[in-house]
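For our numbering, add 603 to where a residue sits in the sequence shown, where the first one is 1.
Backbone N, C-alpha and C fix where the C-beta goes; we use that ideal spot for every residue, glycine too.
Nothing here was measured: the structure is a model prediction, and the numbers come from that model.
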Amino acid sequence: MSNVTDRDSTHRRLFTGSPAECSTSNESAREAARRKAQRIYGLLLAGYGTPAWRQHHNPMSQLILTVLTQNTSDINSGRAFQQLIASFDGWEAVRDAPVEEIAQTIKSAGLSNIKARRIKDILRSIYERNGSLSLDFLRSLDVVEAKSWLRSLGGVGPKTVACVLLFSLGKPVLPVDTHVFRVSQRTGLVQPKVSVEAAHEYIEGLLQPEQVYAFHINVIAHGRRVCKAQRPKCDGCVLHPVCDNPVALPRRDAARQ
Ligand code: SF4
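Encoded structure:
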């Protein structure tokens, strides 16, 4: 379960002003944000259902797959991951292979030289610390410890950490990908100044731990099908009642003007 103090301090960092102003405005802003997150969660649940958690990969494989997904589509990264699995006899072999060979294997994921170097560095780092290439031990750590351990690996950001902990271990850590960030900004759940990095703990702190997985899956579904980057379908959107920034007015409203 996520650490409440950690969540509170994240929230405080997102506000500025004198300490006296902060304490009052932070509390009311926090409550308003929590209420909004709960409305969004409920509306999405009604619209998309309750996805059941399932393990996507073991933690080590999930970490490598998530590195491959950076700046590319799930299809391209998935293809690169399958190619990597098929071409090497285990993660030790990837760790010991020349960067160029790894890069050639994962070419379909794009930025292959950078990703190959990152994957090799991550594998080396994990082996140096643990004496093995398994991350199963993360299961026994609490959320704060597990996040901290993964973040201490070079080239591992908050989204990668969250994907590993949520998808492979079922820990309540929210990945904020491009869909989650876009929907959160448009609805006003996060303010425009909040960075995608800060949005991870901020949004996570507005949810109950047991809500995190369904929230993530449903917001992504909504971002892909309705609240698209280009031409979002605001008319009929289930989040329209709570959205601060509907991009296009519903046709019935536009017709009245
Ligand atoms: S009303 Fe429009 S901008 Fe708001 S969440 Fe729905 S599709 Fe996105």
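Simplified DSSP state of residue i, which is helix, strand or coil
i      : result
Thr675 : coil
Asp609 : Model confidence at Asp609 stands at a pLDDT of 48, short of 50, so the residue's coordinates are unreliable; what they give is reported in the following sentence. In this structure, Asp609 counts as helix in the three-state DSSP scheme.
Gln860 : With a pLDDT of 33 at Gln860, under the threshold of 50, the modelled position of that residue is not reliable, and no figure is offered here.
Ile643 : helix
Ser798 : coil
Asn629 : helix
Pro812 : helix
Phe784 : helix
Cys846 : coil
Asp739 : helix
Thr790 : helix
Gln686 : helix
Arg834 : coil
Thr653 : coil
Range of the contiguous alpha helix (DSSP H) that encloses residue i
i      : result
Cys766 : Pro761 to Cys766
Asn821 : Val815 to Arg828
Asn721 : Per the sequence presented here, residue 721 reads as Arg, with Asn not at that position. Where Arg721 is concerned, the enclosing alpha helix (DSSP H) stretches over Ser715 to Asn733.
Ile699 : Here residue 699 turns out to be Asp, not Ile, going by the sequence shown. Trp694 to Asp699 is the span of the alpha helix (DSSP H), which, as asked, contains Asp699.
Val746 : Val746 to Arg754
Ile705 : Val702 to Thr708
Heavy atom of the ligand SF4 within 7 Å of residue i beta-carbon
i      : result
Cys766 : no
Lys836 : yes
Val829 : yes
His819 : no
Val850 : yes
Cβ distance (whole Å) where residue i is taken to contact residue j below 8 Å
i      : j      : result
Val697 : Leu741 : Not really, about 20 Å apart at Cβ, beyond 8 Å.
Leu772 : Pro662 : 6 Å
Gln788 : Pro795 : 6 Å
Ala719 : Ile729 : Contact flag wrong, Cβ pair sits at about 16 Å.
The segment 791-810 touching the segment 750-763, judged by at least three CB pairs closer than 8 Å: yes
Contact between the segment 806-825 and the segment 640-656 is defined here as three or more beta-carbon pairs at a separation below 8 Å; is this criterion met? yes
Between the segment 823-843 and the segment 672-685, are three or more C-beta pairs nearer than 8 Å? Touching, no.
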